[in-house]
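A quick write-up on the structure given underneath.
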Amino acid sequence: MIIVQLNEAAVRMRSILVQGGLVVTQNATREVVEADVLIEDGRIAKVGKVRGSADQVIDARGDIVMPGLVNAHTHVAMTVMKGIADDMPFADFLDKVFAVDAKRQDRDIDAGARLGCLEMIRSGTTTFVDMYYSEDVIARAVEDSGLRGVLCWAVLDQRFTTQKGVPLDNCKRFHAAHKGRRRVIPGIGLQGVYVCSEETFLGAREFALENDLLLHFHLSETRKEVYQHKDKTGKRPAEWLAGIGFLGPQCLAAHAAWLTINEVRALAQAKASIASCPVSNMKLATGGVAPIPEMLAEGVNVSLGTDGSTTNNSLDMFGEMKTLALLQKSNRWDPTVVRAQQALDFATCNGAKAIGLGKVLGSIEAGKMADLVILDGRSPNLRPLMPGNAVSNIVYAGNAGDVRTTICDGEVLMLDRRMITLDSGLVLAKAQEAGRALLGP
Ligand SMILES: [Zn+2]
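Residues in the sequence shown are numbered from 142 upward in steps of one, following the numbering used here.
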């Protein structure tokens with residue numbers, strides 16, 4: 142434990158100078174400027190002309206420098222379950238995924254988490270919000286990878302779970318063992334109204350308020366879940382959650398696809414955030430399109446997530462930004478709905494705000510945590526490149542393969558497409574082995 146702390150301190154001591162890139166700052170005025178970025182002790186020390194040098198100098202001339210992306214909803218350990226349940230009705234999908242999930246062991250959860258972390262580093266994500274059981278196993282992978290993970294232990298009523306013991310107690314134990322760490326941030330992950338009682342929701346809320354934790358939950362992903370809940374309680378899920386006093390600023394609702402305007406207003410009033418997962422919703426054909434324009438008009442903080450690899454099937458936030466913007470435009474017959482700048486906001490500063498870190502994360506500004514990625518300016522799909530089209534290029538023309546370098550918390554995780562923290566070959570081999578064991582040939 143002491144060794145880990147010393148290593149972290151040693152890494153943070155280092156200064157890094159990212160020289161001469163086109164910096165998409167995501168600051169309050171959304172400036173895009175040609176500038177150097179100086180990182181000291183894990184924080185951004187300066188954005189502008191930097192005289193002098195640093196322990197490490199990274200040449201970013203001609204490249205885009207942007208904040209690390211925030212994936213606000215995923216199940217990273219499911220990355221080894223990719224492709225097992227494609228192109229099938231939702232009920233069959235659930236049967237298939239639950240059957241495989243019930244067989245899972247720590248070893249393949251670890252292999253899946255590492256594969257997911259590798260994919261995220263390569264695709265420019267530096268922070269992610271995860272919901273699963275066995276987050277203690279996932280935490281080790283996250284710490285080794287150097288990413289920042291808000292790890293939300295899955296909480297549901299005991300009669301519905303395969304977890305040993307009471308899920309909320311397991312979540313509390315995970316929190317006690319991991320609180321205060323730098324890049325692993327424990328949270329609470331409520332699976333949804335279909336498996337969580339009022340008592341479970343309110344017990345989780347009480348624990349979240351006592352310990353300042355994120356309350357992450359699935360909300361109104363499918364029409365069936367909405368109407369089943371209405372039959373049972375007389376209220377739609379978000380209405381019901383507002384009614385029992387659950388909603389608040391620490392809430393981050395994933396999907397939020399089937400909402401009425403009154404439910405959108407309830408989320409806004411509670412200062413809750415949502416994580417839209419457009420690819421997952423479209424692939425499962427659950428029909429709902431999150432009412433993003435209404436959410437923005439009412440003041441809901443909108444962020445973006447990929448969901449897990451059984452429903453997406455990638456963790457690529459570039460694809461997610463573009464898909465969200467296109468889906469909203471197409472659905473509303475209105476190309477002005479969700480502009481490129483808004484899509485980028487969802488994946489950066491809004492994501493940071495959704496996890497309670499808006500003041501210290503999500504933009505490239507002096508004093509903020511040094512999470513940034515460098516996109517290869519030699520990628521033909523990113524050219525021509527000027528301050529005026531940089532954001533558009535990122536959202537509509539960018540892809541995961543453009544990411545050259547990924548820095549999280551002032552530590553370089555990938556440099557010029559070379560992995561620093563994880564051993565790619567080993568991660569891929571273990572994932573292959575785990576995939577075969579779980580899924581067959
Ligand atoms: Zn999910």
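Think of the CB as a built atom: it goes at the ideal place given N, C-alpha and C, for glycine as much as any other residue.
Beta-carbon proximity check, residue i vs residue j, cutoff 7 Å
i: A493; j: L502; result: yes
i: L468; j: P419; result: yes
i: V291; j: I496; result: yes
i: L288; j: C549; result: yes
i: G446; j: A252; result: no
i: G439; j: A411; result: The amino acid occupying residue 439 in the given sequence is Glu; Gly does not appear at that position. No.
i: P434; j: V478; result: yes
i: M207; j: V178; result: no
i: R545; j: D564; result: no
i: V296; j: L331; result: yes
i: L465; j: S414; result: no
Rounded separation between residue i and residue j - CA only
i: M229; j: Y368; result: 22 Å
i: L523; j: A538; result: 6 Å
i: R248; j: S194; result: 44 Å
i: V191; j: M261; result: 30 Å
i: K509; j: I180; result: 10 Å
i: G203; j: V443; result: 31 Å
i: A345; j: L309; result: 7 Å
i: T363; j: A186; result: 45 Å
i: D470; j: A511; result: In the sequence as presented, Asp is not what sits at residue 470; that position holds Lys. Going by the C-alpha atoms only, they are around 33 Å apart.
i: G463; j: S264; result: Here the sequence assigns Lys to residue 463, which means Gly is not the residue at that position. So the two alpha carbons sit approximately 14 Å from each other.
i: I515; j: I205; result: 6 Å
i: Y273; j: R245; result: 12 Å
i: E83; j: V283; result: Any property of residue 83 remains undetermined from this structure, which presents the chain solely from 142 to 582.
i: I535; j: V336; result: 39 Å
i: G587; j: Q483; result: Nothing about residue 587 can be read from this structure; the chain reaches only from 142 to 582.
i: E340; j: L235; result: 25 Å
i: E380; j: L437; result: 19 Å
i: T562; j: V173; result: 30 Å
i: L372; j: H359; result: In the sequence under discussion, the amino acid at residue 372 is Asp, which differs from the Leu named in the question. Approximately 19 Å between the Cα atoms of the pair.
i: S455; j: G449; result: 8 Å
i: R577; j: H216; result: 19 Å
i: N352; j: W294; result: 14 Å
i: I231; j: T401; result: One point to set straight first is that residue 231 is Phe, not Ile, in the sequence displayed. Spanning the two alpha carbons is a distance of roughly 23 Å.
i: M560; j: L210; result: 18 Å
i: I618; j: D285; result: Here the chain comprises residues numbered 142 to 582, so residue 618 is not present and cannot be evaluated.
i: S421; j: E461; result: 10 Å
i: T266; j: S338; result: 34 Å
i: K424; j: V532; result: 26 Å
i: Q304; j: E404; result: 32 Å
i: G386; j: V270; result: 24 Å
i: L580; j: F301; result: 24 Å
i: A383; j: D457; result: 33 Å
i: G529; j: R171; result: 11 Å
i: V145; j: R519; result: Only weak support exists for where V145 lies, its pLDDT of 37 falling under 50; the value from the coordinates is given anyway. Near 37 Å, if we compare the C-alpha coordinates of R519 and V145.
Cutoff 8 Å; reference residue i; Cβ partners in own chain excluding five residues on either side
i: I143; result: Note on I143: pLDDT 35, under 50, position unreliable in the model; the coordinate value appears next. Once the five neighbours on either side are set aside, I143 has no close Cβ partner at all.
i: L354; result: H316, P327, G328, I329, F348, Q391
i: T374; result: W381
i: P140; result: This structure gives no information on residue 140, because the portion of the chain shown stretches from 142 to 582.
i: L259; result: S286, M560, L563, S565, V568, L569
6 Å Cβ shell around residue i - same chain, five flanking residues per side excluded
i: T451; result: M219, M222, A226, V238
i: A349; result: I329, L356, Q391
i: F459; result: G539, N540, A541
i: V334; result: H370, P378
i: Q197; result: I157
i: I250; result: A218, S275, V278
i: L343; result: none
i: V152; result: The pLDDT assigned to V152 is 47, lower than 50, so where the model puts this residue is not dependable; a value taken from the coordinates is nonetheless given after this. If we look at V152 and ignore the five residues flanking it on each side, its Cβ neighbours are E552.
i: E506; result: N168
i: R255; result: A282, V568
i: N453; result: V420, S421, T447
i: T268; result: V211, R289
i: R155; result: D196
Proximity test, residue i beta-carbon vs ligand 3 heavy atom, cut-off 6 Å
i: D242; result: No copy of ligand 3 occurs in the structure displayed; its ligands are ligand 1 alone.
Close-in-space but distant-in-sequence residues of the same chain around residue i (CB under 7 Å, 5 per side omitted)
i: C490; result: Q167, G499, G503, S504
i: A201; result: V159, Q160, G161, G162, I515
i: M555; result: I262, R263, T546, T547, I561
i: G224; result: N454
i: A407; result: A379, E380, A383, L388
Minimum Cβ-Cβ distance from residue i to chain C less than 7 Å
i: I548; result: Of the chains in the structure shown, none is chain C; there is only one protein chain.
Using 8 Å as the threshold, is the region 313-320 in touch with the region 271-281, meaning 3 or more CB pairs across them?
-> yes
The region 559-568 contacting the region 473-488, beta-carbon criterion three pairs below 8 Å = no
Within the chosen definition, does the region 390-404 reach the region 425-433 through at least 3 CB pairs nearer than 8 Å?
-> Flag = yes, the region 390-404 and the region 425-433 touch.
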